[in-house]
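Structure first, then comments.
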Amino acid sequence: MFTTFFFFLRAYGVPVSLNEWLTLMEALSKGLAYSNLSEFYRLARAVLVKSETYYDQYDQAFQAAFEGIETPIEIAEEVWRWLRDPAAMVGLSDEEREILALSLGSLDLGELQRMFEKRLAEQTEAHSGGSHWVGTRGTSPFGHSGFHPGGMRVGGQSLNRSAVKVAGKRRYQAYRADAVVGSRQFEVALRRLRRLSSRDETPPDELDLDATIQATADHAGALSLEWRRSRRNQTRVLLLMDAGGSMHAHLRICSQLFTAVNRATHFKDLRLYYFHNCVYDHLYLDPTCHPRNSVLTARVMQELSSEYKLVLVGDASMAPSELLDRDGIIWWGTVNEQPGIEWLRRLAHHFSHAAWLNPIPAGHWDTIYGRHTIAMVRSLFPMFELTVDGLTLAVRNLVARR
Amino acid sequence: MSAPTAYCGTSEYIASPELMQTVSVAVVLARPMLIKGEPGTGKTMLAKSIAESLGMPLITWNIKSTTKAQDGLYVYDTVQRLYDSQFRDHDVRDISQYIKLGRLGQAFVADERVVVLIDEVDKADLEFPNDLLWELDQMEFNIPETGETVSARHRPVVVITSNAEKELPDAFLRRCVFHYIAFPDAEMMRRIVRVHHPALEDRLLELAMETFYWLRNVPHVQKKPSTSELIDWVQALAAGGVDPDEIGRRLPFLGVLLKKDKDVDAVLVAHKTRGARAATGR
Chain F
6 MFTTFFFFLR AYGVPVSLNE WLTLMEALSK GLAYSNLSEF YRLARAVLVK
56 SETYYDQYDQ AFQAAFEGIE TPIEIAEEVW RWLRDPAAMV GLSDEEREIL
106 ALSLGSLDLG ELQRMFEKRL AEQTEAHSGG SHWVGTRGTS PFGHSGFHPG
156 GMRVGGQSLN RSAVKVAGKR RYQAYRADAV VGSRQFEVAL RRLRRLSSRD
206 ETPPDELDLD ATIQATADHA GALSLEWRRS RRNQTRVLLL MDAGGSMHAH
256 LRICSQLFTA VNRATHFKDL RLYYFHNCVY DHLYLDPTCH PRNSVLTARV
306 MQELSSEYKL VLVGDASMAP SELLDRDGII WWGTVNEQPG IEWLRRLAHH
356 FSHAAWLNPI PAGHWDTIYG RHTIAMVRSL FPMFELTVDG LTLAVRNLVA
406 RR
Chain H
8 MSAPTAYCGT SEYIASPELM QTVSVAVVLA RPMLIKGEPG TGKTMLAKSI
58 AESLGMPLIT WNIKSTTKAQ DGLYVYDTVQ RLYDSQFRDH DVRDISQYIK
108 LGRLGQAFVA DERVVVLIDE VDKADLEFPN DLLWELDQME FNIPETGETV
158 SARHRPVVVI TSNAEKELPD AFLRRCVFHY IAFPDAEMMR RIVRVHHPAL
208 EDRLLELAME TFYWLRNVPH VQKKPSTSEL IDWVQALAAG GVDPDEIGRR
258 LPFLGVLLKK DKDVDAVLVA HKTRGARAAT GR
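Structure, rendered in structure tokens:
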């Protein structure tokens, strides 16, 4: 039951490492959570979970693992059973087993068992007398556990089960990262998109010790300080956004990404253009895609070096003719000499790092209306779904060395 | 457990049971604790409260975008030494006089256990947390210039706050105890405001909070007002002698809560529709 918790956590996607698991053992052996299951819930969360985005998954795993458990003593026994035979933990890689063996080798198991037993003995006392420091909280001014707005009384009935109940409430659902969330998380993801370099036009602000010594020696010992430039971010980004009709459904998420990109102050340069379904001869300066406010795509490519990170945002869903045919452009009265796919190919060829963000969930890419064109676009650009996780993957792809 | 490890908040600072336990765990395990949460939920205040509650001195290390990990350990003042060597009024062979300990270094050599606040760790360079891994783990560092090793006499209680502006590296996270300060619910908020304004009229507080939570839920408000702003606002309302019934109707001193023109506009539009709805409801 106890080790299943570990695997439940992993199964629900909480990245728990063995180091953290052993920290939890250490905390338990120091008696940090034996008065009730709520404390175990909080302790394990503080030690094992390192981001509020995983709180929800943690709650689910906790509920799955401890459904029906009444007292922490049952957990304690499980912990001990596990410690006696940690190798029985299935599903670990050899590397992890090795770490485990090493770490457990350095623990004095006999001492640990004594501590456990002492703790368990104290536990009964704490329950009857309430004299243990963790137990006194029940009568402390914080009489409510504060777990949820309704306020569950600490020291009231069915306390031991409340942790599972609380976990079952899934209060942290809103913080999940795989859900489509606000621009703030996008910003965080975008911050990874940076490259440090000292090739910059900023004033030098770091003491160059070697050069200083050299210069001082050159001046026959008269001190002359030499400075150099510190490293600055060099990332340049070209963002192309689809403003076509089919994108209306994704307006909210796109505008969140847009806000995030605009707020990101760490780019050396950011260019933003719009296109309608597919990129053709022109790129547009605003989402209305009016030819009056447009620039030549070829011109943009000429102007921007291949160092620019190209990010395309669009659903890539259109009639195949829009992508493959000459004059396939959907707007009546406009023409294109080259088919859209050719323009996309040129873009992919010109920029060494590119990514396509698609607001349609990845699971639907093979089945929905635009699947043919999505597949074609994917053959040119690595495609990621427009979620925080997807953007993180895309950014990782964009900064990878080629 | 000996008394100094139990943290129960202080009279000035209301902590949730989850937060109290996180603090206790971090203190007992002697691991750094990482505190995240919306701005204005009292992350920095927490360190002060822990220091006060456990009776330890507080050393604050404010992180800026230019802060380097090294700054917290020690700074070797090369330039001073070079200058001194010009004028020959110091014995420049003694390098230790040019080594100045940073905030973390000071905490290590302190005579008693201290609380170290590393405030807004995410402001610094992405590599910053990685550069501190060993020092926070082993609580010691080496000064190559003098060949001296500074190790902590008492493992300090390390509180690290983050606004999630940057992701922190996994290796760093693995060593921390983590807590996310969720935005307080109404019950908690009432107690927090009470701590700061004990003499406040009940009705004023209730109506101010009602408007406050409504305001936080207005869509398109980019910078949502936080706890600290509510505390200021309530003070402004009390000091200004505003009639409690006027709060929801007139939204007085809105500038205390909202800091962006766009947000003010969004709230005023929402307020109009809310007023209209209330009128037809009657």
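Sequences listed follow chains F and H, in order. The first sequence maps to residues 6 to 407 in this note's numbering. The second sequence maps to residues 8 to 289 in this note's numbering. We put the CB at the ideal spot given by N, CA and C, even for glycine.
Near residue i, what residues of its chain come up, given a Cβ to Cβ distance below 7 Å and the 5 sequence neighbours on each side ignored?
{"i": "residue 325(F)", "result": "377 and 378"}
{"i": "residue 381(F)", "result": "328 and 346"}
{"i": "residue 191(H)", "result": "199 and 234"}
{"i": "residue 136(H)", "result": "128, 175, 176 and 179"}
{"i": "residue 83(H)", "result": "105, 106 and 152"}
{"i": "residue 276(H)", "result": "none"}
{"i": "residue 59(H)", "result": "17"}
{"i": "residue 259(F)", "result": "246, 252, 318 and 364"}
{"i": "residue 95(F)", "result": "Reliability fails at residue 95(F), whose pLDDT of 49 lies under 50, so the model's placement of it is uncertain and no value is given."}
Using only the alpha-carbon positions, how far apart do residue i and residue j sit?
{"i": "residue 145(H)", "j": "residue 233(F)", "result": "33 Å"}
{"i": "residue 396(F)", "j": "residue 253(F)", "result": "20 Å"}
{"i": "residue 290(F)", "j": "residue 316(F)", "result": "16 Å"}
{"i": "residue 26(H)", "j": "residue 160(H)", "result": "27 Å"}
{"i": "residue 154(H)", "j": "residue 211(F)", "result": "24 Å"}
{"i": "residue 342(F)", "j": "residue 330(F)", "result": "9 Å"}
{"i": "residue 226(F)", "j": "residue 91(H)", "result": "12 Å"}
{"i": "residue 73(H)", "j": "residue 157(H)", "result": "24 Å"}
{"i": "residue 77(H)", "j": "residue 216(H)", "result": "45 Å"}
{"i": "residue 11(F)", "j": "residue 53(F)", "result": "10 Å"}
{"i": "residue 56(F)", "j": "residue 15(F)", "result": "14 Å"}
{"i": "residue 370(F)", "j": "residue 162(H)", "result": "53 Å"}
{"i": "residue 17(H)", "j": "residue 25(F)", "result": "30 Å"}
{"i": "residue 302(F)", "j": "residue 287(F)", "result": "5 Å"}
{"i": "residue 49(F)", "j": "residue 253(H)", "result": "47 Å"}
{"i": "residue 22(F)", "j": "residue 261(H)", "result": "47 Å"}
{"i": "residue 100(H)", "j": "residue 85(H)", "result": "12 Å"}
{"i": "residue 226(H)", "j": "residue 273(H)", "result": "8 Å"}
{"i": "residue 230(H)", "j": "residue 256(H)", "result": "22 Å"}
Going by beta carbon distance, what residues of the same chain come within less than 8 Å of residue i, once the five residues before and after it are set aside?
{"i": "residue 245(H)", "result": "204, 207, 208 and 211"}
{"i": "residue 182(H)", "result": "38, 39, 140, 143 and 144"}
{"i": "residue 19(F)", "result": "53, 54, 59, 62, 63 and 66"}
Throw me the rounded Cβ distance for the residue i and residue j pair, which I believe falls under 8 Å.
{"i": "residue 51(F)", "j": "residue 185(H)", "result": "6 Å"}
{"i": "residue 285(F)", "j": "residue 322(F)", "result": "That belief does not hold up - the Cβ atoms of residue 285(F) and residue 322(F) are roughly 17 Å apart, past 8 Å."}
{"i": "residue 125(H)", "j": "residue 165(H)", "result": "7 Å"}
{"i": "residue 30(H)", "j": "residue 14(H)", "result": "4 Å"}
{"i": "residue 247(H)", "j": "residue 259(H)", "result": "7 Å"}
{"i": "residue 247(F)", "j": "residue 318(F)", "result": "6 Å"}
{"i": "residue 290(H)", "j": "residue 41(H)", "result": "For residue 290(H) there is no data in the structure shown, the boundaries of chain H being 8 and 289."}
Under the criterion of a Cβ to heavy atom distance below 8 Å, does residue i qualify as lining the ligand SAM?
{"i": "residue 242(H)", "result": "Annotation note on the ligand SAM: not contained in the displayed structure, which lists no ligands."}
Anything in chain H within Cβ reach of residue i, meaning under 9 Å, just list it in chain order.
{"i": "residue 341(F)", "result": "Correct list: empty, because the minimum Cβ distance to chain H is about 38 Å."}
{"i": "residue 44(F)", "result": "24 and 28"}
Only counting the same chain, and skipping five residues up and downstream in sequence, which positions put a Cβ closer than 6 Å to that of residue i?
{"i": "residue 110(H)", "result": "66, 68 and 79"}
{"i": "residue 92(F)", "result": "Bear in mind that the predicted position of residue 92(F) carries a pLDDT of just 49, short of 50, making it too unreliable to give a figure here."}
{"i": "residue 148(H)", "result": "80, 142 and 157"}
For a cutoff of 9 Å on Cβ pairs, would you count residue i as touching chain F?
{"i": "residue 6(H)", "result": "Because residue 6(H) is not part of the residues shown, which for chain H are 8 to 289, the question remains open."}
{"i": "residue 189(H)", "result": "yes"}
{"i": "residue 288(H)", "result": "Note that residue 288(H) has pLDDT 49, beneath the 50 cutoff, so the model's placement of it is unreliable and the number below is only indicative. Not closer than 9 Å to any Cβ of chain F, the Cβ of residue 288(H) fails to qualify, so no."}
{"i": "residue 40(H)", "result": "yes"}
{"i": "residue 290(H)", "result": "Residue 290(H) is absent from the structure shown; chain H starts at 8 and stops at 289."}
{"i": "residue 99(H)", "result": "no"}
{"i": "residue 78(H)", "result": "no"}
{"i": "residue 138(H)", "result": "no"}
Counting only C-beta atoms, is residue i closer than 9 Å to chain H at any point?
{"i": "residue 209(F)", "result": "no"}
{"i": "residue 226(F)", "result": "yes"}
{"i": "residue 60(F)", "result": "yes"}
{"i": "residue 221(F)", "result": "yes"}
{"i": "residue 25(F)", "result": "yes"}
{"i": "residue 233(F)", "result": "no"}
{"i": "residue 35(F)", "result": "yes"}
Taking Cβ-Cβ distances shorter than 7 Å, what residues in chain H pair up with residue i?
{"i": "residue 22(F)", "result": "181"}
{"i": "residue 392(F)", "result": "Within chain H, no residue comes near residue 392(F); the closest Cβ sits about 16 Å away, beyond 7 Å."}
Name the chain F residues that come within less than 9 Å of residue i, Cβ to Cβ?
{"i": "residue 185(H)", "result": "50, 51, 52, 53, 54, 55, 56 and 57"}
{"i": "residue 90(H)", "result": "228"}
{"i": "residue 86(H)", "result": "212, 217, 228 and 230"}
Which residues of chain F have a Cβ atom closer than 7 Å to the Cβ of residue i, listed in chain order?
{"i": "residue 93(H)", "result": "228"}
What residues of chain H sit near residue i, judged by a beta carbon separation below 8 Å?
{"i": "residue 32(F)", "result": "32, 35 and 36"}
{"i": "residue 257(F)", "result": "The contacting residues do not exist; residue 257(F) stays about 10 Å from chain H at best."}
Quick one: which chain F residues come within Cβ less than 8 Å of residue i?
{"i": "residue 228(H)", "result": "Going along chain F, no residue has its Cβ under 8 Å from residue 228(H), so there is no contact; the nearest lies around 12 Å."}
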